[in-house]
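K.L.:
Everything in the sequence shown is counted per full-length UniProt numbering, starting at 1 for the first residue and increasing by one.
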Amino acid sequence: MSATPESDYQHFATRVGATFTVAVEPEGNVDLELVECSPAVTSGGWFSYSLSFRGSAATPLGQGTFIFDAEGLEPSAIFIVPVSSSSLGIVYDAHFTVQEG
């Protein structure tokens, strides 16, 4: 990730709809689509936002930290939690809360 929480947020906010490759050992890689980047919230010196990714139900991931890679970004370790499943696939959420400054 980059130097500030705001710049990290901008990197994700501009990539909604992009595919991220997630390293999964020993299976290989799984592709997840970034389907939502919540509006950022600043409160009491904290900067927060969340991301939602969707992937195939054929390759489910458990809760955990994975390395996400996408064109134009450095690989990032992101903790995700599966939150729902539908005919479109499985949705995973990641939440970020970082102290400003």
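Glycine residues also receive a C-beta, built at the ideal position from the N, C-alpha and C atoms.
This structure is a prediction, so every number in the text was calculated from the model and none was measured.
(1) Going along the chain, which unbroken runs of the beta strand (DSSP E) with 3 or more residues stay wholly within the segment 23-66?
(2) Relative to the C-alpha of A18, which residue among G45, F53, T65 is closest?
(3) What's the C-alpha gap between V16 and D31?
(4) Measure the alpha-carbon distance for W46 versus Q99 and round it to whole angstroms.
(5) Taking buried to mean at least 16 other C-beta atoms within 10 Å of its own C-beta, is L51 buried or exposed?
(6) So V35 and L61 are supposed to be a Cβ contact under 8 Å. How far apart are they, rounded?
P.N.:
Let me spell this out:
(1) 28-37, 41-43, 46-55
(2) F53
(3) 14 Å
(4) 4 Å
(5) buried
(6) Between L61 and V35 the Cβ distance is about 15 Å, and since that is not below 8 Å, they are no contact.
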